[in-house]
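Structure (structure tokens):
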């Protein structure tokens, strides 16, 4: 289930995941405060699409 869920989330939230990863790479010491909106956007997208996976 985990692999399938990650594929669904990645297909819907891939660009957000990429932006989040780049942010962490660029700001290794301050990424969690400097770009918290990337984290929040990714979490929101993941929750939305993972919940869809659970009910379908």
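Numbering (this note's numbering), first residue to last: 10 to 65.
Heads up, the beta-carbon is just placed ideally off N, CA and C, and yes, glycines get one too.
The structure displayed is predicted, hence computed values, not measured ones.
#1: Apart from the five residues just before and just after residue 29, which ones in its own chain have a Cβ nearer than 7 Å to its Cβ?
#2: Given a threshold of 16 other Cβ atoms within 10 Å of its Cβ, counted over all protein chains shown, does residue 2 qualify as buried or as exposed?
#3: Nearest-angstrom Cα distance between residue 39 and residue 32?
#4: Quick check on residue 24: buried or exposed, where buried means 16 or more other Cβ atoms within 10 Å of its Cβ?
To lay it out plainly:
#1: 47, 48 and 51
#2: Residue 2 cannot be examined here, being either before or after the span of the chain that is shown, 10 to 65.
#3: 9 Å
#4: exposed
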